[in-house]
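Student: I have a structure I would like to understand better, so I am pasting it below and will then ask my questions one at a time.
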Amino acid sequence: MSERPPLLLFTVLCFGIAVLYLPMLVLITYSFNASAMVNVWGGFSFHWYRELMGNDQILDAALLSLEVGVVASTLAVILGTLAAIALVRFRRFRGRFLLTAMVNAPLVMPEIITGITQLLLFVAMLQLFSWPHRGYTTLVIAHVAFCTAYVTVTVQSRLRSADRSLEEAAMDLGSGPVRAFMDTTLPIIAPALLSGWLLSFTLSLDDLVISSFVSGPGASTLPMVIYSKVKLGVSPDVNALASLIIATVGAGVLIAGMVMRRAERQRLLDVQMATR
Amino acid sequence: MGESSHRMQLFLAALVKRYGRWLIILPPLLFLVVFFLIPFAYSLRISFADTALQVPPYTSVWNYSADHHLSIRLSLDNYRYLLTDEVYAFSYLYSLRTAFFSTLICLLIGYPMAYAMARSSKTTQGILMMIIILPFWTSFLLRVYALEGIIRENGLLNSALLWLGVIHEPLKIMRTSLAVYLGIIYSYLPFMVLPLFATLEKLDHELLEASADLGSSPWRAFFDITLPLSMPGVIAGSMLVFIPAIGEFVIPSLLGGPDNLMIGRVLWDEFFMNRDWPVASAVAIAFLVFLVGPIAIYQHYSAKQQEA
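Protein chains in written order, with the numbering used here: chain A, 31 to 306; chain B, 18 to 325.
Now the structure itself:
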């Protein structure tokens, strides 16, 4: 389908995109507002960004969020990839149904329920084993649990479409199954691992509800701090923080998108060259 | 020596071959059982306990007495409480209704958007995809906060309408149901557009041309051909909006007023304000049974149907 879309459709499309972007553009504009009044433009200034740099509460929270995000998404990629391999490669095993259910459940489970149930478990575990203390550890565990599901789904679909004949050839040439997998299939599914990691990282950085439940005193992630600030009313330094985050993520997504597109084009080109 | 080490190697290889796959299966399986499945079983247990002034704040469901008799005391009080206090029934229905109508509105806006995208050129499609996906990666919380800047009393919308002379005093949108609807639609619109675009893009344009040749009007052709063929996208997109909308906490909490009680907010308050863990567990379990359960079953069967 590639004729010009009718005017009506095109108008709705433009309207929809405008609605999606307008709030963020307004937010970014007001982050440079010199005035603390939200509806008065007091001239251009970096005031709120400077304010932000001096706010230890926000910086600590950002650091905690980044740390939890990196550790949780790395662990989630490992567990999720293992789960994907198990589900795609092993046709039947004991616990297959259970694993399938647990991998798909977080995708439909309201976060608030996951959060409550995990908190209840952590409280009971702390009583029984004196571990884990609520804070960094419980945050990481809870984030790994929901990120694993997203990684598994991402890797699963890539693994399903991966050609097994290369791996079989490697095994015929004397590689062990692990070595053969590492040498042939792993590079093919690597982009899925990368996008699984990025997805996990974004979800982890963004999570408010589950984190609020499982975290303990003194360990507030960035969304938790933002939420409590926003709940109290508009604060212009949140505008500055939000603009920084939106700009970083936007740049990141654009660059990742372009890199992936180029890699995909290169791959198609290689395939064409190889089959000639 | 060579012989025995070779035999050892064969033995190890056989061992890995026999049990090696458990090295792959067990880590994710055990992790998810302990930190995802057991928590649910455990909350089920707590939902049958009574509230108590102790740490943790509920009574034990089973007790070993001195003579090794196991006594189990299941209290159904929490569930009875859910039925008697009408806040719960009200918030269930309110959540269902809100999620349903926001999904419908998302569909009405998202469908033309996806259709316009599908009918653009390939290059434009790539760019449009990026534009639609970008908000998906941006923080959800921040996007809800950004929306507040538009719809609050002195926000952009009211300023613009006042300036245009359409209204003479600012509209009250924040802290109303309307704000909750706007929040959900704004946040989840990309989830509706992407699956719709994916199905509409694959649609065979020749079918439409054929029906036009046979004298169908464009609208008739749309309802006879395009809409039925795009049903998988309609269903997938609706699920992606409906499911998170129904358990939504952030949007009703930040944009809604005190009477926009969605079930997520009731759970949050029960837990953090009232500190009533057994009732909160009972609400969670009931939520699971009445809302998530049917969705999961539906998805299971529709996945099976697609495979068949």
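We put the CB at the ideal spot given by N, CA and C, even for glycine. Being a predicted model, the structure only gives us computed values, none of them experimental.
Residue 74 of chain A by DSSP, collapsed to three states: which one?
Tutor: On the first sequence, residue 74 of chain A is found 44 positions in, with the first residue counted as 1. Looking at residue 74 of chain A - three-state DSSP - the assignment turns out to be strand.
Student: Are the CB atoms of residue 160 of chain B and residue 54 of chain A within a distance shorter than 8 Å?
Tutor: Position 24 of the first sequence, counted from the start, is the residue given in the question as residue 54 of chain A. Position 143 of the second sequence, counted from the start, is the residue given in the question as residue 160 of chain B. Going by C-beta atoms, residue 54 of chain A is nearer than 8 Å to residue 160 of chain B.
Student: Pair every Cβ in the region 253–264 of chain B with every Cβ in the region 136–148 of chain B, then say whether three or more of these pairs are closer than 8 Å.
Tutor: Output reads no: the region 136–148 of chain B does not touch the region 253–264 of chain B.
Student: Can you grab the Cα-Cα spacing for the pair residue 30 of chain B / residue 24 of chain B, in whole Å?
Tutor: Within the second sequence, residue 30 of chain B is the residue found at index 13, counting from 1. Within the second sequence, residue 24 of chain B is the residue found at index 7, counting from 1. So the alpha carbons of these two residues sit roughly 10 Å apart.
Student: For the region 267–284 of chain A and the region 81–88 of chain A, state whether three or more C-beta atom pairs, one from each stretch, are separated by less than 8 Å.
Tutor: Verdict: yes, contact present.
Student: Report back the beta-carbon spacing between residue 99 of chain A and residue 235 of chain A to the nearest angstrom; my notes put them in contact at under 8 Å.
Tutor: One-based indexing of the first sequence puts residue 99 of chain A at position 69. One-based indexing of the first sequence puts residue 235 of chain A at position 205. Yes, they are in contact, since the Cβ atoms of residue 99 of chain A and residue 235 of chain A sit about 5 Å apart, within 8 Å.
Student: Tell me which same chain residues have a C-beta within less than 6 Å of the C-beta of residue 203 of chain B, skipping the five on either side of it?
Tutor: The residue labelled residue 203 of chain B in the question sits at position 186 within the second sequence. For residue 203 of chain B, where only same-chain residues beyond five positions count, the Cβ hits under 6 Å are 164.
Student: Could you compute how far the alpha carbon of residue 299 of chain B sits from the alpha carbon of residue 168 of chain B?
Tutor: Numbered from 1 along the second sequence, position 282 holds the residue referred to as residue 299 of chain B. Numbered from 1 along the second sequence, position 151 holds the residue referred to as residue 168 of chain B. Approximately 36 Å between the Cα atoms of the pair.
Student: Would residue 125 of chain A pass as an interface residue toward chain B - the criterion being a Cβ-Cβ separation below 8 Å?
Tutor: Counted from its first residue, the first sequence places residue 125 of chain A at position 95. For residue 125 of chain A, the answer is yes, since a Cβ of chain B falls inside 8 Å of its Cβ.
Student: Name, please, each residue of chain A whose Cβ falls closer than 7 Å to the Cβ of residue 236 of chain B.
Tutor: Counting from 1 along the second sequence, the entry for residue 236 of chain B is found at position 219. Going along chain A, no residue has its Cβ under 7 Å from residue 236 of chain B, so there is no contact; the nearest lies around 11 Å.
Student: For the region 37–52 of chain A, list every residue whose C-beta sits within 9 Å of some C-beta in chain B, in sequence order.
Tutor: Against chain B - using a Cβ distance shorter than 9 Å - the residues of the region 37–52 of chain A are 38, 39, 40, 41, 42, 43, 44, 45, 46, 47, 49, 50, 51, 52.
Student: Buried or exposed: where does residue 226 of chain A fall if 16 or more other Cβ atoms within 10 Å of its Cβ makes it buried?
Tutor: Position 196 of the first sequence, counted from the start, is the residue given in the question as residue 226 of chain A. When all chains shown are included, residue 226 of chain A counts as buried.
Student: For a contact defined as C-beta to C-beta under 7 Å, what are the partners of residue 305 of chain A on chain B?
Tutor: Stepping through the first sequence from its first residue, residue 305 of chain A is reached at position 275. The premise fails here: residue 305 of chain A is roughly 23 Å from chain B at the closest Cβ pair, so nothing lies under 7 Å.
Student: Using the Cα positions of residue 104 of chain B and residue 279 of chain B, report the straight-line distance between them to the nearest angstrom.
Tutor: Taking the second sequence and counting its residues from 1, one reaches residue 104 of chain B at position 87. Taking the second sequence and counting its residues from 1, one reaches residue 279 of chain B at position 262. Roughly 10 Å separates the two Cα atoms.
Student: Residue 91 of chain A and residue 250 of chain A - do their beta-carbons sit closer together than 8 Å?
Tutor: Walking along the first sequence from the start, residue 250 of chain A turns up at place 220. Walking along the first sequence from the start, residue 91 of chain A turns up at place 61. Yes, the pair counts as a contact, with Cβ atoms nearer than the cut-off.
Student: If we define contact as Cβ-Cβ less than 8 Å, is residue 26 of chain B a contact residue for chain A?
Tutor: Taking the second sequence and counting its residues from 1, the one referred to as residue 26 of chain B is at position 9. Output row for residue 26 of chain B: interface = no.
Student: Please state the DSSP three-state secondary structure of residue 63 of chain A.
Tutor: Locating residue 63 of chain A in the first sequence gives position 33, counting from the first residue. Residue 63 of chain A: strand per DSSP, three-state reduction.
Student: Helix, strand or coil for residue 68 of chain B, going by three-state DSSP, please let me know.
Tutor: Taking the second sequence and counting its residues from 1, the one referred to as residue 68 of chain B is at position 51. The answer is strand: DSSP assigns residue 68 of chain B an E or B state.
Student: Under 8 Å between C-beta atoms, does residue 183 of chain A make it to chain B?
Tutor: Position 153 of the first sequence, counted from the first residue, corresponds to residue 183 of chain A. Answer no: the Cβ-Cβ gap between residue 183 of chain A and chain B never drops below 8 Å.
Student: Give every residue of the same chain whose Cβ lies closer than 7 Å to the Cβ of residue 173 of chain A, excluding the five residues on either side of it in the sequence, and list them in chain order.
Tutor: Indexing the first sequence from 1 puts residue 173 of chain A at position 143. The residues are 98, 102, 234, 237.
Student: Got a sec? Which residues, its chain only, sit under 8 Å from residue 201 of chain A by beta carbon, not counting five neighbours each side?
Tutor: In the first sequence, the residue the question calls residue 201 of chain A occupies position 171. Once the five neighbours on either side are set aside, the close Cβ partners of residue 201 of chain A are 207, 210.
Student: Across the region 269–276 of chain B and the region 50–66 of chain B, are there enough close Cβ pairs to call them in contact, namely three or more that are closer than 8 Å?
Tutor: The region 269–276 of chain B is not in contact with the region 50–66 of chain B.
Student: Just to confirm my understanding: we take residue 333 of chain B, look at its own chain, exclude 5 residues before and 5 after, and list those with CB closer than 7 Å. What are they?
Tutor: Given that chain B is displayed from residue 18 to residue 325, the structure contains no residue 333 of chain B and the question cannot be resolved.
Student: Any chance the CB of residue 187 of chain A is under 7 Å from a heavy atom of the ligand HEM?
Tutor: Inclusion of the ligand HEM in the displayed structure is not the case, the ligand content being empty and no account of it being possible.
Student: Quick one: measure Cβ to Cβ for residue 188 of chain A and residue 219 of chain A, integer angstroms, because I've assumed they're closer than 8 Å.
Tutor: One-based indexing of the first sequence puts residue 188 of chain A at position 158. One-based indexing of the first sequence puts residue 219 of chain A at position 189. Rounded, the Cβ-Cβ distance is 5 Å, consistent with contact.
Student: Whole angstroms is fine: what's the gap from residue 194 of chain B's alpha carbon to residue 117 of chain B's?
Tutor: The sequence position of residue 194 of chain B within the second sequence is 177, counting from 1. The sequence position of residue 117 of chain B within the second sequence is 100, counting from 1. Going by the C-alpha atoms only, they are around 14 Å apart.
Student: What residues from chain B crowd round residue 166 of chain A, counting only those whose CB sits closer than 9 Å?
Tutor: Residue 166 of chain A sits at position 136 when you count from the first residue of the first sequence. The premise fails here: residue 166 of chain A is roughly 15 Å from chain B at the closest Cβ pair, so nothing lies under 9 Å.
Student: Is it right to say residue 70 of chain A is buried, meaning 16 or more other beta carbons lie within 10 angstroms of its own, or is it exposed?
Tutor: Taking the first sequence and counting its residues from 1, one reaches residue 70 of chain A at position 40. Exposed, because fewer than 16 other Cβ atoms sit within 10 Å of the Cβ of residue 70 of chain A.
Student: Would a check of beta-carbon distances place residue 264 of chain B closer than 8 Å to chain A?
Tutor: To locate residue 264 of chain B, count along the second sequence from 1; it is residue 247. True, the Cβ-Cβ gap to chain A drops below 8 Å.
Student: Between residue 139 of chain A and chain B, is any beta-carbon pair separated by less than 8 Å?
Tutor: Residue mapping note: residue 139 of chain A aligns to position 109 of the first sequence, counting from 1. Closer than 8 Å to some Cβ of chain B, the Cβ of residue 139 of chain A qualifies, so yes.
Student: For residue 288 of chain B, which residues of its own chain have a beta-carbon under 6 Å away from its beta-carbon, when the five flanking residues on both sides are left out?
Tutor: Counted from its first residue, the second sequence places residue 288 of chain B at position 271. For residue 288 of chain B, where only same-chain residues beyond five positions count, the Cβ hits under 6 Å are 297.
Student: Please classify residue 66 of chain A: is it buried, with 16 or more other beta-carbons within 10 angstroms of its beta-carbon, or exposed?
Tutor: Your numbering for residue 66 of chain A matches position 36 in the first sequence. Its Cβ having fewer than 16 others within 10 Å, residue 66 of chain A is exposed.
Student: For the alpha helix (DSSP H) containing residue 178 of chain B, list its first residue and its last residue.
Tutor: The sequence position of residue 178 of chain B within the second sequence is 161, counting from 1. Counting along the chain, the alpha helix (DSSP H) containing residue 178 of chain B begins and ends at 173–181.
Student: Can you give me the start and stop residues for the alpha helix (DSSP H) that residue 201 of chain A sits inside?
Tutor: Counting from 1 along the first sequence, the entry for residue 201 of chain A is found at position 171. Residue 201 of chain A -> alpha helix (DSSP H) spans 195–202.
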